[in-house]
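Some notes on the structure that comes next.
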């Protein structure tokens, strides 16, 4: 929520700057030929940018601020869900496509039920998070080699982004800066997490069973 007296120009400048971090993940999707994922990320970007622009200037741009906000919620959940499917590295492309499309449909249905119920935001996020965990640890029972530095940096930035997201829920958020930093560090986190693997194509070459993988990576830290 924008505070009374906050400059619309400063709010918009913060909106523009913090949304710049969302472009690198979209470029990575483009580079790797993940065009549906790119479309989902682009939708999330547009919905978020339009919502905050309407909020900054207290105006309507085709849709109202509240309508863009609903689409923004869908965009965030979809973007995160698609990212988790991407990180699952399914060897069966049909299964991967089914999960990717299902993320979108599940998000729309859940958000249609109640877009402002936190439980209906957390529940699908937890389910989407479990997609790569279950696939790597319990179905395939192996993990491909990863770039440990990118993975750890990505997780670290995700933690920072989450802290700013929680802080931004406070109505006393000067110029919506904390919420904007959630976008900024979230985009950086996505970029590093997507660069955890060398390509979009999953491969069993060099893969280790989950237990051995975790032990070797823990010992090397």
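Numbering (this note's numbering), first residue to last: 24 to 244. Glycine included, each C-beta is placed from N, C-alpha and C at the ideal position. In this text the structure is predicted, and so the values were computed from the model without any measurement.
ask   = What is the rounded straight-line gap between the Cα of residue 156 and the Cα of residue 140?
value = Residue mapping note: residue 156 aligns to position 133 of the chain shown, counting from 1. Residue mapping note: residue 140 aligns to position 117 of the chain shown, counting from 1. Taking the straight line from one Cα to the other gives about 26 Å.
task = Less than 8 Å between the CB atoms is what I'm expecting for residue 83 and residue 131, so what's the real figure, rounded?
result = The residue labelled residue 83 in the question sits at position 60 within the chain shown. The residue labelled residue 131 in the question sits at position 108 within the chain shown. Their Cβ separation, rounded to whole angstroms, is 23 Å, which puts residue 83 and residue 131 out of contact at 8 Å.
ask   = For residue 169, does the three-state DSSP call read helix, strand or coil?
value = Mapped onto the chain shown, residue 169 falls at position 146. If DSSP states are grouped into helix, strand and coil, residue 169 belongs with coil.
ask   = What is the DSSP secondary structure of residue 84, reduced to helix, strand or coil?
value = As a position in the chain shown, residue 84 is number 61, starting the count at 1. Strand at residue 84.
ask   = Which value, in whole angstroms, describes the spacing of the CA atoms of residue 153 and residue 71?
value = Walking along the chain shown from the start, residue 153 turns up at place 130. Walking along the chain shown from the start, residue 71 turns up at place 48. In a straight line, the C-alpha of residue 153 is about 25 Å away from that of residue 71.
message = Could you tell me the alpha carbon to alpha carbon distance between residue 185 and residue 149, rounded to whole angstroms?
response = Residue 185 sits at position 162 when you count from the first residue of the chain shown. Residue 149 sits at position 126 when you count from the first residue of the chain shown. Between residue 185 and residue 149, the C-alpha separation is close to 14 Å.
inquiry  = Which residue wins for smallest C-alpha separation from residue 146, given the options 201, 100, 219, 220?
reply    = On the chain shown, position 123 is the one that residue 146 refers to. It is 100.
message = Just to confirm my understanding: we take residue 138, look at its own chain, exclude 5 residues before and 5 after, and list those with CB closer than 7 Å. What are they?
response = In the chain shown, the residue the question calls residue 138 occupies position 115. Here the set comprises 93, 96.
query = In angstroms, rounded to a whole number, what distance separates the CA positions of residue 42 and residue 217?
reply = Walking along the chain shown from the start, residue 42 turns up at place 19. Walking along the chain shown from the start, residue 217 turns up at place 194. When rounded, the distance between both Cα atoms is 18 Å.
query = Counting pairs of Cβ atoms below 8 Å between the region 40–54 and the region 194–213, do you hit three or more?
reply = At 8 Å Cβ cutoff, the stretches touch.
query = In terms of residue numbering, what span does the alpha helix (DSSP H) encompassing residue 120 cover?
reply = Walking along the chain shown from the start, residue 120 turns up at place 97. Residue range 116–136 is occupied by the alpha helix (DSSP H) that includes residue 120.
key: Limits of the unbroken alpha helix (DSSP H) element including residue 53   = In the chain shown, counting from the first residue as 1, residue 53 sits at position 30. For residue 53, the uninterrupted alpha helix (DSSP H) segment begins and ends at 46–54.
task = Check residue 201 in the structure and name its three-state DSSP category.
result = Counting from one through the chain shown, the residue named residue 201 turns up at place 178. Note: residue 201 maps to helix in three-state DSSP.
Short Cβ contact (8 Å threshold) for residue 31 with residue 85 = Taking the chain shown and counting its residues from 1, one reaches residue 31 at position 8. Taking the chain shown and counting its residues from 1, one reaches residue 85 at position 62. In this structure, residue 85 does not lie closer than 8 Å to residue 31 by Cβ.
Residue 205 versus residue 34: straight-line alpha-carbon distance, rounded = One-based indexing of the chain shown puts residue 205 at position 182. One-based indexing of the chain shown puts residue 34 at position 11. Straight-line Cα distance between these residues: approximately 15 Å.
inquiry  = Let me make sure I understand the geometry here. Which of 39, 113, 180, 171 has the alpha-carbon closest to that of residue 69?
reply    = In the chain shown, the residue the question calls residue 69 occupies position 46. Measuring C-alpha to C-alpha distances from residue 69 to each of 39, 113, 180, 171 identifies 39 as the nearest.
Cβ distance (whole Å) where residue 281 is taken to contact residue 126 below 8 Å = Because the chain spans 24 through 244 in this model, residue 281 falls outside it and cannot be assessed.
query = So, is residue 135 buried or exposed, given that buried needs 16 or more other C-beta atoms within 10 angstroms?
reply = Taking the chain shown and counting its residues from 1, one reaches residue 135 at position 112. Residue 135 should be labelled exposed.
ask   = Span of the alpha helix (DSSP H) holding residue 152?
value = Residue mapping note: residue 152 aligns to position 129 of the chain shown, counting from 1. Here the alpha helix (DSSP H) through residue 152 covers 142–157.
inquiry  = Taking only three categories from DSSP, how would you classify residue 102?
reply    = Counting from one through the chain shown, the residue named residue 102 turns up at place 79. DSSP places residue 102 in helix when its eight states are reduced to three.
request  = Kindly indicate the opening and closing residues of the alpha helix (DSSP H) around residue 37.
outcome  = Position 14 of the chain shown, counting from 1, holds the residue named residue 37. 31–42 is the extent of the alpha helix (DSSP H) around residue 37.
message = Relative to the C-alpha of residue 173, which candidate in 123, 73, 213 has its C-alpha closest?
response = Translated into the one-based positions of the chain shown, residue 173 becomes position 150. The alpha carbon of residue 173 has as its nearest neighbour, out of 123, 73, 213, the alpha carbon of 213.
task = Figure out for me which residue from 36, 219, 194 has the closest Cα to the Cα of residue 166.
result = The residue you call residue 166 lines up with position 143 of the chain shown. Of 36, 219, 194, the residue nearest in Cα terms is 219.
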